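Please read the structure below before turning to the comments.
Protein chains: 2
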Amino acid sequence: MAQTQGERKAETRARLLAAGADLFADRGIDGVSVDAVAEAAGRTSGAVYAHFGSKQGLLLAVLDAWKQSVLTVLFAEVAITDSPLGQLAAVWDNIGNNPDTDSDRWSLLEHELWQRAARDPEVADALRARSIESRGRSAHELSRWASTMSVQPVADPDDLATLVKALLTGLEMQRRIEPASVNCDLAVRGLAALMGMSPVPGDSDRTTSPRQRNTVTHDTPA
Amino acid sequence: MAQTQGERKAETRARLLAAGADLFADRGIDGVSVDAVAEAAGRTSGAVYAHFGSKQGLLLAVLDAWKQSVLTVLFAEVAITDSPLGQLAAVWDNIGNNPDTDSDRWSLLEHELWQRAARDPEVADALRARSIESRGRSAHELSRWASTMSVQPVADPDDLATLVKALLTGLEMQRRIEPASVNCDLAVRGLAALMGMSPVPGDSDRTTSPRQRNTVTHDTPA
DNA sequence: GTCTATATCCCGATAGAC
DNA sequence: GTCTATCGGGATATAGAC
């Protein structure tokens, strides 16, 4: 059960990163002290400075670790569901409509980072790199999906990925402010329009079916 | 040229509000001290506490003043342009694509407030009220527009307004991270899809025409 | 590498003169 | 209502023992 020095060092680093991501998302970057992060990780602030040099260093490391996660890639394991519209619904349920889950927490962190990027070029660069890579992946998945579904999206894969991501982001923000104004059916309608699918048939139950929780398991890499 | 006491009081209040909105948008709410706001307004921190009681009070007052502004109402004076697609382009140019303008600054403040709302119920309530009212107005404009254009949007006016707002918000965020990935044509395609318009014809010049600056004058009430 | 202790700074808010 | 002065708290970062 004993650890080598290298193991302990690695574990400390991992715990600091995890605690940083958690707390930054929960309370905001400025709302969290270095001491708080260290304490949550079972260490003291000295460990943070030994590993990352500064609070900013810790932040960039958190961003980098997060960048490697595949969590936000769209259409990851959507193919489980049956109907085309059901698949779009699954996208919304997994990306934009899962309170009290990892993705919910991570999206708060994403906004926290986005906002900081508006004033900090270092963070902006890191976020841009992540954005490009993420869009590439989701463009690939989207074009594959569109071809199997025989639909004609409103733009080429790369632009389509941007539109889809933008719509989901905007809807998720709106849901946070005013949950009643956003439901799954609404998201599906918007996504379907971008995918070039014919008008959604289920017009009758638009108000009645919130279409909640069609959860597909996320893989959250450590 | 002399002022009554009441005039001076009103002017101080107005200057504090303006300075607060500016600085909060520029540096973030947590990045601005009460002293800094007061100094920018040509007063001292005591004036802030006399008028608003606390920094939070100032923030709520800023939000309230902003709520009264009609700046973010969609389709305000869009009817100037000629073609239907040109009008959608004007929407994007005025809402999501105007760096170094008031709307750009205000959208940063909106995000600042949104993020704070995620952790502060008081701010969340104020923001929700603003959201409802804003959507009501834009739903009205959108339905009017859709009927004159004889198009069939993908949802009823209220939901359509939510979708449009969400798409514009998401695109504007993406533009901040990675300007090259978002242009006017892309926004128009997305908006047109939501409005139920037939596929955009101008497919050839999609990559070549950034379609910049179709500025329509904003009315920014004091 | 990690901890304890501390230096240094800045912020929000209050007290009291005018 | 506004200013000056200040209190109390908490933040980042560093120094030095282990």
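Order-wise, the sequence lines are chains A and B. Numbering of the first sequence is given in this note's numbering, commencing with residue 1 and proceeding in unit increments. Numbering of the second sequence is given in this note's numbering, commencing with residue 1001 and proceeding in unit increments. Just so it is clear, CB atoms sit at the ideal spot from N, CA and C, and this is done for glycine as well. All figures in this text were calculated on a predicted structure; none of them were measured in a lab.
- Listed along chain B is no residue with a C-beta nearer than 9 Å to that of residue 20/A; the closest approach is about 17 Å.
- Using a CB distance cut-off of 8 Å, residue 138/A does not count as an interface residue toward chain B.
- Pairing residue 1190/B with residue 191/A gives a Cβ-Cβ distance that is not under 8 Å.
- The beta carbon of residue 92/A does not come within 8 Å of any beta carbon belonging to chain B, so the residue lies off that interface.
- Taking 7 Å as the Cβ-Cβ cut-off, the stretch 1179-1197 of chain B approaches chain A at 1181, 1182, 1186, 1189, 1190, 1193 and 1194, given in chain order.
- Contact between residue 107/A and residue 172/A is confirmed by a C-beta separation of about 6 Å, below the 8 Å threshold.
- In this structure the stretch 1156-1163 of chain B lies against the stretch 1125-1142 of chain B, because at least three pairs of beta carbons, one per stretch, are closer than 8 Å.
- Residue 1115/B carries a helical assignment under DSSP once its states are collapsed to helix, strand and coil.
- Of the candidates 1169/B, 1005/B and 1145/B, 1145/B places its Cα closest to the Cα of residue 1085/B.
- Residue 153/A sits buried, since 16 or more C-beta atoms from the chains shown fall within 10 Å of its C-beta.
- Only those residues of the stretch 1092-1116 of chain B whose C-beta falls short of 9 Å from the nearest C-beta of chain A are listed: 1108, 1111, 1112, 1114, 1115 and 1116.
- DSSP, read as helix, strand or coil, puts residue 1043/B in coil.
- At the C-beta level, residue 19/A and residue 37/A come within 8 Å of one another.
- In this structure, residue 51/A sits away from residue 4/A, with a CB-CB distance that is not shorter than 8 Å.
- Restricting attention to 167/A, 47/A, 163/A and 161/A, the CA atom closest to the CA of residue 1163/B is found in 167/A.
- The beta carbon of residue 1147/B sits closer than 7 Å to no other beta carbon from its chain once the five residues preceding and following it are set aside.
- For residue 91/A, the enclosing alpha helix (DSSP H) stretches over residues 84-95.
- What residue 154/A touches in chain B, judged by beta-carbon distance under 9 Å, is 1189, 1190, 1192, 1193, 1199 and 1200, going in chain order.
- Taken in chain order, the whole alpha helix (DSSP H) runs of length 4 or more contained in the stretch 1007-1065 of chain B are 1034-1040 and 1045-1052.
- For residue 1124/B, the enclosing alpha helix (DSSP H) begins and ends at 1121-1149.
- Within the model, the alpha-carbon separation for residue 149/A versus residue 1197/B is close to 21 Å.
- Close CB contacts of residue 1181/B within its chain, under the 7 Å cut and outside five residues either way in sequence, are with 1174 (chain order).
- Rounded to the nearest angstrom, the gap between the Cα atoms of residue 1046/B and residue 90/A is 53 Å.
- Put simply, the CB of residue 1035/B is far from chain A, with every gap to its CB atoms at 8 Å or more.
- The alpha-carbon separation between residue 1127/B and residue 1143/B amounts to approximately 24 Å.
- Assigned with DSSP and collapsed to three states, residue 181/A falls in helix.
- Not flagged as an interface residue toward chain B: residue 54/A, since no C-beta distance is shorter than 8 Å.
- Cα atoms of residue 69/A and residue 114/A: separation of roughly 17 Å, rounded to the nearest angstrom.
- The three-state secondary structure of residue 100/A, taken from DSSP, is coil.
- Residue 45/A does not reach chain B, its nearest Cβ partner there being about 20 Å away, counting only Cβ pairs nearer than 8 Å.
- For residue 1165/B, the C-beta contacts it makes with chain A under 8 Å involve 170 and 174, in order along the chain.
- The contact set of residue 162/A on chain B, defined by CB atoms closer than 7 Å, consists of 1174, 1181, 1182 and 1186 in chain order.
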